[in-house]
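This report concerns only the one structure given below.
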Amino acid sequence: MIATVSTLAVAITLIVAIPKMPRWDRVKKSFFNGEVLGETFPKLLDAFVLDIKIFLWSVPIILFIAMLVAVTRNSRSPALFPLRILAVVYVDVMRGVPVLLWIYLIGFGVPGLGLERPWNSPLLWGTVALVLTYATYVSEVFRAGIESVHESQRAAARSLGLSNAQTMRHVVLPQAVRRVIPPLMNDMVSLQKDVALVSLIGPIEILRQAGIDKSKFASFTPYVGAAIIFLAITIPMTRTTDWLLERERRRTSGTRVS
Amino acid sequence: MQKVVKSFGANTVLNALDLDIAKGEIVSLIGPSGSGKSTLLRCINLLEPIDDGEIWFGGIDISVPGYDPNPVRRRIGMVFQSYNLFPHMSVMENICLAPVRVLGRKANDTKAQALALLEQFGLADKAKSYPDQLSGGQQQRVAIVRALTIEPEVLLLDEITSALDPELVGEVLDAVRNLRNTGMTVVLATHEMSFAREISDTVCMLDGGVIIEKGSPESIFTNATNPRTRQFLSRVNSR
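Protein sequences appear in the order of chains V and E. Per our numbering, the first sequence starts with residue 1250, numbered consecutively. Per our numbering, the second sequence starts with residue 6, numbered consecutively.
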């Protein structure tokens, strides 16, 4: 009841206040032009297919590299010390520089080496830059998850005779991954948006298409169209995760504290 | 075990401790908190590397650094004070994990065996439940079943009744009594003096990382010679 009233109050204020702004008419014409939207929207959707493709290629590779790095950093064998160092350096370096900079550096740098087609495509190397950067973010999420599994779980698994690797695979990782699904989805939503950064080195995906249409129609409406398309993907993504988590929680846990 | 030393930093928890355990013997470790009971059990299972001394098991010194702990752990079951069930697995999955993954048993055979054990422990209807849906007592009984399915020669029980309600302690007692008939060697750390007195062949009183007195339950509980043991028992009994 209180929630409804306060929501209503905020909504009414916004609806009344915004059109009172001095330049609302101009903003409305430039950003919310129905005609321009209708004309550019299909092209934006077409361009968005490339975003989706880049995203879908990247995710499995990112998860794989991230898991490998996280498990390596968490290994305890003295023999793996050099690998642990390597993993730390990789994460520190990739994570310490903005994604955009890596896209420029790798996306322009590697094709500059004079590789043959198709290995000289900025699209390919821009995506590689995205994957390598995001893998470090996600590896840190996995690592936090692994470390959150209580030591006693390992003790129980080892006492049953499971090897280190088996303990990791059957006991630690399943719990770790479940726990980090919310932050993981957060990174995936970020990735879905950052895919658009690859456009800055050439490929025509949605953000670049919107830029082209903006100039053509002298209107910012294509950007709003692009924003709508992004939201149409990212919001259901987040809601689905919440729903999956809730279902899992209900399946495995006891009575809920209200 | 001979002259076993275990320290955590400057804190020496086991201080040249000697202990012989015969096959089929049921040994209780009693003593105040921090006396080294749990650490001793963890060292036997090689969960903690020891700093000095030797642990012999079946004619082999298993405490040598670099000795593969997994074959040893397969022959030693352990049950923890806090159950340590795997929360993401059902009761059945918890129980079948080690037999299938470690011993390479067929899943179906293991399931049948697990069901029989669950029945014996009054848990037949809980096979599909998850640990968080069970009471503490039920969880601990599942943990015991889980330790038994690797068919260990030695069972280590680390204060397993500390978290159980009184009604269930009796049930666990019965279970351990049954184990005695199977010739299982059991080492248990406990604060339940009546439990220790009833179940053990030998009782060891630990204090300051050494066994200060060892003997039959009768001699320890009615006729302790060490003043520290008498003091400890009178405090415990006056509760």
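Idealized CB from N, CA, C, for every residue including glycine. Note that this is a predicted model, so its numbers are computed, not measured.
Reducing DSSP to helix, strand and coil, say where residue i ends up.
i, result
"N231 (chain E)", "coil"
"T1489 (chain V)", "helix"
"T195 (chain E)", "coil"
"F13 (chain E)", "strand"
"W1273 (chain V)", "helix"
"L1321 (chain V)", "The amino acid occupying residue 1321 (chain V) in the given sequence is Thr; Leu does not appear at that position. Helix."
"D57 (chain E)", "strand"
"T187 (chain E)", "coil"
"D212 (chain E)", "strand"
"E172 (chain E)", "helix"
"I1484 (chain V)", "helix"
"K133 (chain E)", "coil"
"T166 (chain E)", "coil"
"K111 (chain E)", "coil"
"F257 (chain E)", "Any answer about residue 257 (chain E) is impossible in this case: the structure gives chain E only from 6 up to 244."
"M1250 (chain V)", "coil"
For a contact defined as C-beta to C-beta under 9 Å, what are the partners of residue i on chain E?
i, result
"V1420 (chain V)", "F91, H93, M94 and L102"
"P1423 (chain V)", "F91, H93 and M94"
Does residue i have its Cβ less than 9 Å from a Cβ in chain E?
i, result
"A1231 (chain V)", "Since the first residue shown for chain V is 1250 and the last is 1507, residue 1231 (chain V) is missing from the structure and cannot be characterised."
"G1410 (chain V)", "yes"
"A1328 (chain V)", "no"
Does the CB of residue i have a neighbour CB from chain V at under 9 Å?
i, result
"A201 (chain E)", "no"
"Y72 (chain E)", "no"
"L52 (chain E)", "yes"
"I165 (chain E)", "no"
"G14 (chain E)", "no"
"I26 (chain E)", "no"
"T188 (chain E)", "Reading off the sequence shown, one finds Gly at residue 188 (chain E), where the question assumed Thr. So no, G188 (chain E) is outside the interface."
"A151 (chain E)", "First, the amino acid is wrong: residue 151 (chain E) is Arg here, not Ala. Closer than 9 Å: yes."
"R79 (chain E)", "yes"
"G141 (chain E)", "no"
"R235 (chain E)", "no"
"G127 (chain E)", "no"
"G214 (chain E)", "no"
"G82 (chain E)", "yes"
"R146 (chain E)", "no"
"R110 (chain E)", "no"
Using the Cα positions of residue i and residue j, report the straight-line distance between them to the nearest angstrom.
i, j, result
"A121 (chain E)", "A129 (chain E)", "8 Å"
"G63 (chain E)", "V208 (chain E)", "22 Å"
"G214 (chain E)", "T17 (chain E)", "7 Å"
"W1306 (chain V)", "M189 (chain E)", "55 Å"
"V1285 (chain V)", "D1462 (chain V)", "9 Å"
"V1340 (chain V)", "F91 (chain E)", "31 Å"
"A1384 (chain V)", "E1454 (chain V)", "22 Å"
"N186 (chain E)", "A180 (chain E)", "10 Å"
"R1403 (chain V)", "C48 (chain E)", "15 Å"
So residue i contacts chain E; which residues on that side make the cut at Cβ distance below 8 Å?
i, result
"S1502 (chain V)", "Y135, D137 and Q138"
"R1427 (chain V)", "H93"
Taking residue i as the query, report the chain V residues whose CB atoms sit under 9 Å from its CB, ordered along the chain.
i, result
"V107 (chain E)", "L1409, G1410, L1411, S1412 and Q1415"
"F85 (chain E)", "S1401, A1404, A1405 and S1408"
Show which residues of chain V have a CB atom less than 7 Å away from the CB atom of residue i.
i, result
"N75 (chain E)", "G1410 and S1412"
"I155 (chain E)", "L1409 and G1410"
Which residue spans inside the segment 1367 to 1421 of chain V form an unbroken alpha helix (DSSP H) run of at least 4?
Within the segment 1367 to 1421 of chain V, the alpha helix (DSSP H) runs of at least 4 residues that lie entirely inside it are, in chain order, 1371 to 1397 and 1400 to 1408.
As an exercise, report each continuous alpha helix (DSSP H) stretch of at least 4 residues that is fully enclosed by the segment 1408 to 1482 of chain V, in chain order.
If we require 4 residues or more, the alpha helix (DSSP H) runs fully inside the segment 1408 to 1482 of chain V come out as 1422 to 1428, 1430 to 1443 and 1455 to 1466.
Within the segment 16 to 58 of chain E, ranges of the beta strand (DSSP E) (whole runs, at least 3 residues)
With a minimum length of 3 residues, the continuous beta strand (DSSP E) runs that stay inside the segment 16 to 58 of chain E are 16 to 22 and 31 to 35.
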